[in-house]
Amino acid sequence: DTGVSQNPRHKITKRGQNVTFRCDPISEHNRLYWYRQTLGQGPEFLTYFQNEAQLEKSRLLSDRFSAERPKGSFSTLEIQRTEQGDSAMYLCASSFVGDTEAFFGQGTRLTVV
Amino acid sequence: AQTVTQSQPEMSVQEAETVTLSCTYDTSESDYYLFWYKQPPSRQMILVIRQEAYKQQNATENRFSVNFQKAAKSFSLKISDSQLGDAAMYFCAYRSYNNNDMRFGAGTRLTVKP
């Protein structure tokens, strides 16, 4: 297992388009987290899953954002009708239930033009 | 709501010297975890060190150690014998004992001079 994998690494899209990112967590990790990191800031929590259940969502996750983890393995984060303010690095992390440490992927950098 | 403050946007250290990165946090909780994460350029964030709030002893991991002052809500990271590979963004993070929402500071960019 090579760790948390995120695809694509970079995405450039036009304002108003929809984008989808994928995260493959470390095998058998039952918790999966999404964070957003803007330039010069630390990551901000968006949402997390335990297995396939989405247990918590931040107020940052507007109606245009949706995340899924259909089989409790990989997860997708979709942003509809992208806006320039959505430009950021989107980070995924995973862990076992009860573990304090979360392992991060390299992120997907989104640029909305 | 819990907040994490890193007051040093940038720090610089000479190779082999020691540097301390500052972090303060605000919380009304008594049980929580604190972390320092390292984010090298274009690479993923990795955990450097963690501290459980109930432990009085400061955590140490090889060249990395923390100074945890619970009453002052301070959690600084000391890097001894700095190496060129230590150059990165360092983030301080807080996580409540019963919550999975990890709060990060804005980060400190550490430069190591040869």
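Chains as they are written, first to last, in this note's numbering: chain A, 1 to 113; chain B, 1001 to 1114. For each residue, glycine too, the CB sits at the ideal point set by N, CA and C.
Taking a Cβ-Cβ cut-off of 8 Å, the neighbours of Gly1107 of chain B in chain A comprise Gly40, Gln41, Gly42, given in sequence order. Where Asp24 of chain A is concerned, the enclosing beta strand (DSSP E) starts and stops at 19 to 24. The beta-bridge partner set that DSSP reports for Asp1026 of chain B consists of B:Thr1003. The CB of Leu1077 of chain B never comes closer than 8 Å to any CB in chain A; the least such distance is about 14 Å. According to the DSSP secondary-structure assignment, Val112 of chain A is paired through a beta bridge with A:Thr13.
When DSSP states are grouped into helix, strand and coil, Gln84 of chain A belongs to the helix group. Of all residues in the stretch 43 to 57 of chain A, the ones placed with a Cβ closer than 7 Å to any Cβ belonging to chain B are Pro43, Phe45, Tyr48, Glu56, in chain order. Among the residues of chain A, those whose CB is under 7 Å from the CB of Tyr1033 of chain B are Thr100, following chain order.
Taking the Cβ atoms as the reference, Leu1021 of chain B lies roughly 15 Å from Tyr1094 of chain B, outside the contact range of under 8 Å.
Counted as a single uninterrupted DSSP element, the beta strand (DSSP E) harbouring Ser1012 of chain B occupies residues 1010 to 1014. For Gln1044 of chain B, the closest Cβ of chain A is nearer than 8 Å. Judged by DSSP secondary structure, Ala1071 of chain B falls outside any beta strand (DSSP E); it is assigned neither H nor E. Spatial neighbours of Ser5 of chain A in its own chain (CB-CB distance under 7 Å, excluding positions within 5 residues in sequence) are listed in chain order as Asp24, Gly105. Under the three-state reduction of DSSP, Leu1084 of chain B is assigned to helix. Asn7 of chain A and Ala1071 of chain B have their alpha carbons spaced roughly 42 Å apart. Within the model, the alpha-carbon separation for Met1011 of chain B versus Phe1064 of chain B is close to 16 Å. The shortest CA-to-CA distance from Val112 of chain A to any of A:Val97, A:Ala102, A:Met89 is the one to A:Met89.
For Asn1058 of chain B, the nearest beta carbon of chain A is not closer than 8 Å to its own beta carbon.
Put simply, the backbone Cα of Ala1053 of chain B is about 45 Å away from that of Gly16 of chain A. The Cβ atoms of Leu60 of chain A and Leu46 of chain A lie closer than 8 Å to each other. Under the Cβ distance rule, Gly72 of chain A does not count among the residues neighbouring chain B, no pair being separated by less than 8 Å. Beta-carbon to beta-carbon, Gln37 of chain A and Leu91 of chain A are separated by about 6 Å, close enough to satisfy the 8 Å threshold.
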